[in-house]
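In this note's numbering, the protein residues as written are 398 to 811. No residue lacks a Cβ here, since even glycine has one placed at the ideal position from N, Cα and C. Note that the structure is predicted; figures quoted are calculated from it, not measured. Below you'll find the structure, written out as structure tokens, and then a few comments.
Rendered as structure tokens:
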């Protein structure tokens, strides 16, 4: 890595840190109970069950003990800080420190993949800004609740996975990074086609020198890295619930919701509602100041990230671009069939799970950030997304705002 590249990476991290800190506002120094912090403290004491007084949202009760149902990677990342400062650590600060790392991680991935295209350094920076500030990632970065922290960690590890997957050069690291993303947000594991495409593209079918440099060897090395993380996940679940496949959702209180009892957590029945939240949901208009506010059910990706409208017009599809698009589609499909739209949210937050892959797919398929129409689409998305992010940090969703919104919309959100 050249000194210029290192300087760019450092400046990107500092820029992300500054913007996200500003957006987080008072939430940056808030210290309410937090599930990932509670789990980190439990791990430091050699335990998996947590003190329920240290958590305010969803907990899984099993055998008279309480467990965090959400994947444990964020808690693992926070271990050093919790070891020093305890459970009263400013988790908003930890959250922003992690979110800012998305910018240099995605830049590194883009720098590798677009080294074989005509994209300039300036275009790479535009694409980094698109992911960081022109998508629901911005709102996730401004609010450190347990759901958003998990998604921020998943985006970060997804970007590291992309960087390691390039040309199949670091298959073990790619497997470890994808496994870490899975231990942050389970659906992200469906991005595995990208590394397979890269190994197939760049590795020889056979190697006269060593098996490990061939396609089969690289695939095996990737499987070893990913398998190690999956084994860790299975052990974690078995120690908690006696079942390596039980994540804890089966012991949550909201599993008694009539819809979930009838249809389950994933069903075609939820498709229409989720498609609306992702693609057609509009802002809510109010008769008094501020006159317009977000829809907590979601806000169309075509409004928060309008550059996505260019997707059907791209013509330079390579094997890796198709693999990245397939990965995005698989992850998106799981969200579309899920029982919840992501409520309450500022934008369609589940899109953060696949947007790093979708933006990469579009770049490899020929999206160029040269003409001002494309730049205008990105800038419009940045304005909308930062507006939502400012809401997330400074004016979070409250019961009073919920009541105001219900008076001025016909949508039945959850």
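Cβ shell of residue i (< 7 Å), same chain only, five flanking positions each side left out
{"i": "residue 403", "result": "none"}
{"i": "residue 399", "result": "none"}
{"i": "residue 485", "result": "428"}
{"i": "residue 615", "result": "565, 568, 596 and 600"}
{"i": "residue 411", "result": "none"}
{"i": "residue 589", "result": "575"}
{"i": "residue 446", "result": "439, 462, 463 and 464"}
Residue j beta carbon less than 8 Å from that of residue i
{"i": "residue 437", "j": "residue 472", "result": "yes"}
{"i": "residue 721", "j": "residue 761", "result": "yes"}
{"i": "residue 592", "j": "residue 568", "result": "yes"}
{"i": "residue 504", "j": "residue 409", "result": "yes"}
{"i": "residue 538", "j": "residue 577", "result": "no"}
{"i": "residue 428", "j": "residue 790", "result": "no"}
{"i": "residue 467", "j": "residue 547", "result": "yes"}
{"i": "residue 475", "j": "residue 491", "result": "yes"}
{"i": "residue 698", "j": "residue 732", "result": "no"}
{"i": "residue 621", "j": "residue 579", "result": "no"}
{"i": "residue 783", "j": "residue 744", "result": "no"}
{"i": "residue 749", "j": "residue 469", "result": "no"}
{"i": "residue 712", "j": "residue 598", "result": "no"}
{"i": "residue 703", "j": "residue 778", "result": "yes"}
Segment limits, beta strand (DSSP E) that includes residue i
{"i": "residue 418", "result": "That residue, residue 418, is in no beta strand (DSSP E); its alpha helix (DSSP H) goes 400–421."}
Cβ shell of residue i (< 6 Å), same chain only, five flanking positions each side left out
{"i": "residue 799", "result": "none"}
{"i": "residue 811", "result": "For residue 811, the predicted model reports a pLDDT of 44, less than 50, meaning its position is unreliable; a value from the coordinates is still stated below. So the qualifying residues of the chain are 740."}
{"i": "residue 647", "result": "none"}
{"i": "residue 803", "result": "none"}
Residues sharing a beta bridge with residue i, DSSP
{"i": "residue 777", "result": "Answer is none; residue 777 lacks a bridge partner."}
{"i": "residue 463", "result": "458"}
{"i": "residue 735", "result": "663"}
Delimiting residues of the alpha helix (DSSP H) encompassing residue i
{"i": "residue 458", "result": "No alpha helix (DSSP H) holds residue 458; the beta strand (DSSP E) holding it covers 457–459."}
{"i": "residue 558", "result": "543–562"}
{"i": "residue 516", "result": "No alpha helix (DSSP H) holds residue 516; DSSP gives it neither H nor E."}
{"i": "residue 475", "result": "470–482"}
{"i": "residue 503", "result": "499–510"}
{"i": "residue 754", "result": "752–761"}
{"i": "residue 643", "result": "Taken as a continuous stretch (DSSP letters only), residue 643 belongs to no alpha helix (DSSP H), as it is neither H nor E."}
{"i": "residue 442", "result": "Segment: none, residue 442 is in no alpha helix (DSSP H) and carries neither H nor E."}
{"i": "residue 535", "result": "534–539"}
Chain C within 8 Å of residue i, Cβ atoms only
{"i": "residue 771", "result": "Going by chain labels, chain C is absent from the structure shown, which holds only one protein chain."}
Only counting runs of 4 or more residues, tell me where the alpha helix (DSSP H) segments fall wholly within the segment 567–616, in order along the chain. 568–579 and 590–599
Along the chain, which unbroken stretches of the alpha helix (DSSP H) at least 4 residues long are found entirely within the segment 654–705? 655–660, 668–672 and 698–701
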